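*Asks:* One structure follows; several queries about it will come next.
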Ligand SMILES: *Cc1c(COP(=O)(O)O)cnc(C)c1O
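Next up, the structure:
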């Protein structure tokens, strides 16, 4: 393709499929596995990823906002599409037009949906979001009974499910998740009584599926694990060989220029790095605009010829410099790996996240959503 960027994100479809199957196996065949494809599938491309998961049996998808749901439908994604962050009342018809499922957290939205349902002479299926300890979106536990009672009186609304979210399911040894789950179970049992039918229960995220399988219920909502990362940043400890998640994303660029400078030379803005001897420097066409966080200045590393090269000086908008003094024969055009493997070396999203004092989730979003992506088989 003409004018292609130096910076390329590759998404490995086989890894996405492997992860989906692995998580489905973990959750059990009776449990629906919802694929969280918000944030453009954590940087992996919402449409392409949703299609890939659909190919291996996925029938439930989760996004943040209604526009994402519309896009999925417009791209022919079948099954249930859950909208987790509510909606603006002027958009309510979209739920009916595109067959989307709202996850409710307030009565006002329920009323707006009911009015639209009556107007269109249709029914809409909703799920209820309960806040059992995340202290984020959702109605509080002591409001559930009243909420459901009120909801039953609204024409055109069918409450089919109840959901919650774990704040600490990435902590394998914590008793917090089992405790919160117990609470969720009690709440959802009383919700079933009010509804006089069994609601679809879902609360487990990746941490829940991997570390607290007893929390899987009727459906689970996987995000980070589908993309090949463990929520606690520990790569598959305690898992059998062949049963590990596979990171799907890699990020490559190339060397633009190579130069040798003497000792005592300042590098990049602010001269925050000064060479302590004769130094060979490779200039790379990747900067914070491409998702390479400026906090990686003087901290991060990349791979060239299968060896680690340290980022020296401040990362610029479109450029950064690495020390290649110890790597023989580096030339302009040589392949550089920012995320992924080269020969025997690997830089993972968890390692980069560690340098940034962040989590793999953010690294994947930053890289994937700021660069050209290619999906490979
Ligand atoms: C993002 C999200 C998930 C997925 O979380 P992971 O830790 O990435 O598995 C599940 N449920 C809700 C409500 C979310 O917003």
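Residue numbers (the numbering used here): 990 to 1366.
From the three backbone atoms N, C-alpha and C, an ideal C-beta is built for every residue, glycine too.
Please read all numbers here as calculations on a predicted model, not as lab measurements.
#1: Between which two residues does the beta strand (DSSP E) holding residue 1278 run?
#2: Hey, residue 1021 and residue 1048 are a contact pair by Cβ (cut 8 Å); roughly how many whole angstroms apart?
#3: Return helix, strand or coil for residue 1323, following the three-state DSSP convention.
#4: Measuring only from the beta carbon, is residue 1073 closer than 7 Å to any heavy atom that is part of ligand 2?
#5: Could you tell me whether the region 1105-1112 touches the region 1122-1139, using the rule of 3 or more Cβ pairs below 8 Å?
#6: Under a Cβ-count criterion, where at least 16 other Cβ atoms within 10 Å of its own Cβ denotes burial, should residue 1315 be classed as buried or exposed?
#7: CA-CA distance, residue 1356 and residue 1362?
#8: Where do the ends of the alpha helix (DSSP H) carrying residue 1157 lie?
#9: Tell me whether residue 1025, by its Cβ, gets closer than 7 Å to a heavy atom of ligand 1.
#10: On a Cα-Cα basis, can you pick out the residue from 1302, 1352, 1286 that is closest to residue 1280?
#11: Return yes when at least one heavy atom of ligand 1 lies under 7 Å from the C-beta of residue 1302, else no.
#12: For the region 1020-1108, which segments carrying the alpha helix (DSSP H) assignment without a break, of at least 4 residues, lie completely within its bounds, in sequence order?
#13: What residue does the beta strand (DSSP E) around residue 1303 start on, and which one ends it?
#14: Cβ atoms of residue 1211 and residue 1201: under 8 Å apart, would you say?
#15: Less than 7 Å separating the Cβ of residue 1338 from some heavy atom of ligand 1?
#16: From 1066, 1029, 1173, pick the residue whose C-alpha is nearest to that of residue 1375; which is it?
#17: Report yes if the C-beta of residue 1222 is less than 7 Å from at least one heavy atom of ligand 1; otherwise report no.
#18: Would you please state the rounded distance, in angstroms, between the beta carbons of residue 1242 and residue 1274? I believe it to be under 8 Å.
#19: Heavy atom of ligand 1 less than 7 Å from the Cβ of residue 1194, yes or no?
#20: Could you check which residue in 1238, 1135, 1269, 1097 has the C-alpha nearest to that of residue 1244?
#21: Between the C-alpha atoms of residue 1121 and residue 1056, what's the straight-line distance to the nearest angstrom?
#22: Give the DSSP-derived three-state secondary structure of residue 1294 in the structure shown.
#23: Three Cβ pairs or more, each shorter than 8 Å: is that satisfied between the region 1336-1354 and the region 1017-1034?
#24: Just curious, the beta strand (DSSP E) that residue 1223 is in, first and last residue?
#25: For residue 1166, which residues of its own chain have a beta-carbon under 8 Å away from its beta-carbon, when the five flanking residues on both sides are left out?
#26: Out of curiosity, what's the CA-to-CA distance linking residue 1366 and residue 995?
#27: What are the boundary residues of the beta strand (DSSP E) that includes residue 1342?
#28: Would you check whether ligand 1 has a heavy atom nearer than 7 Å to the C-beta of residue 1212?
#29: Could you tell me whether the region 1300-1316 touches the region 1332-1343, using the rule of 3 or more Cβ pairs below 8 Å?
#30: Does the distance from the C-beta atom of residue 1000 to that of residue 1237 stay below 8 Å?
#31: With a CB to CB cut of under 8 Å and the five nearest residues on each side skipped, what residues in its chain are close to residue 1010?
#32: Is the beta carbon of residue 1297 closer than 8 Å to that of residue 1290?
#33: Can you tell me whether DSSP reads residue 1240 as helix, strand or coil?
#34: In terms of residues, what are the limits of the beta strand (DSSP E) holding residue 1001?
#35: Hey, out of 1114, 1007, 1319, whose CA is closest to residue 1042's CA?
#36: What are the start and end residues of the alpha helix (DSSP H) that includes residue 1209?
*Replies:* Working from what's here:
#1: That residue, residue 1278, is in no beta strand (DSSP E); it is neither H nor E in DSSP.
#2: That belief holds up - the Cβ atoms of residue 1021 and residue 1048 are roughly 7 Å apart, short of 8 Å.
#3: In the three-state reduction of the DSSP assignment, residue 1323 falls in the coil class.
#4: Looking for ligand 2 in the displayed structure turns up nothing; the ligands present are ligand 1.
#5: No, the region 1105-1112 does not touch the region 1122-1139.
#6: With fewer than 16 other Cβ atoms within 10 Å, it is exposed.
#7: Approximately 10 Å, taken between the alpha carbons.
#8: Premise fails: residue 1157 is in no alpha helix (DSSP H) and is neither H nor E.
#9: Residue 1025: yes, Cβ under 7 Å from ligand 1.
#10: With distances taken between Cα atoms, residue 1280 lies closest to 1352.
#11: The answer is no for residue 1302.
#12: Listed in chain order, they are 1027-1032, 1035-1044, 1055-1063, 1082-1086.
#13: Counting along the chain, residue 1303 sits inside no beta strand (DSSP E), nor does DSSP assign it H or E at all.
#14: Result no, Cβ atoms of residue 1201 and residue 1211 do not sit closer than 8 Å.
#15: The answer is no for residue 1338.
#16: The question about residue 1375 has no answer, for the chain in this structure spans 990 to 1366.
#17: Flag unset: Cβ of residue 1222 not near ligand 1.
#18: Taking a contact as a CB-CB distance under 8 Å, the pair residue 1242 and residue 1274 counts as one, their CB atoms being some 6 Å apart.
#19: Yes, the Cβ of residue 1194 comes within 7 Å of a heavy atom of ligand 1.
#20: Ranked by how close their Cα comes to the Cα of residue 1244, the residues 1238, 1135, 1269, 1097 have 1269 in first place.
#21: Cα to Cα, the separation comes out at about 28 Å.
#22: In the structure shown, residue 1294 sits in coil (DSSP, three-state: anything other than H, G, I, E or B).
#23: A contact exists between the region 1336-1354 and the region 1017-1034.
#24: From DSSP, residue 1223 is part of no beta strand (DSSP E); its letter is neither H nor E.
#25: Cβ neighbours of residue 1166 within its own chain (closer than 8 Å, five residues either side excluded): 1155, 1157, 1158, 1160, 1196, 1197, 1200, 1201, 1204.
#26: Between residue 1366 and residue 995, the C-alpha separation is close to 21 Å.
#27: Here residue 1342 belongs to no beta strand (DSSP E); instead the alpha helix (DSSP H) covers 1338-1345.
#28: Yes, the Cβ of residue 1212 comes within 7 Å of a heavy atom of ligand 1.
#29: No, because fewer than three Cβ pairs between the region 1300-1316 and the region 1332-1343 fall closer than 8 Å, the two stretches do not touch.
#30: Yes.
#31: Excluding positions up to five away in sequence, the list reads 1045.
#32: Going by C-beta atoms, residue 1290 is nearer than 8 Å to residue 1297.
#33: The answer is strand: DSSP assigns residue 1240 an E or B state.
#34: 997-1001 is the span of the beta strand (DSSP E), which, as asked, contains residue 1001.
#35: Put simply, of 1114, 1007, 1319 the residue whose alpha carbon is nearest the alpha carbon of residue 1042 is 1007.
#36: Note, residue 1209: premise wrong, no alpha helix (DSSP H); beta strand (DSSP E) at 1208-1211.
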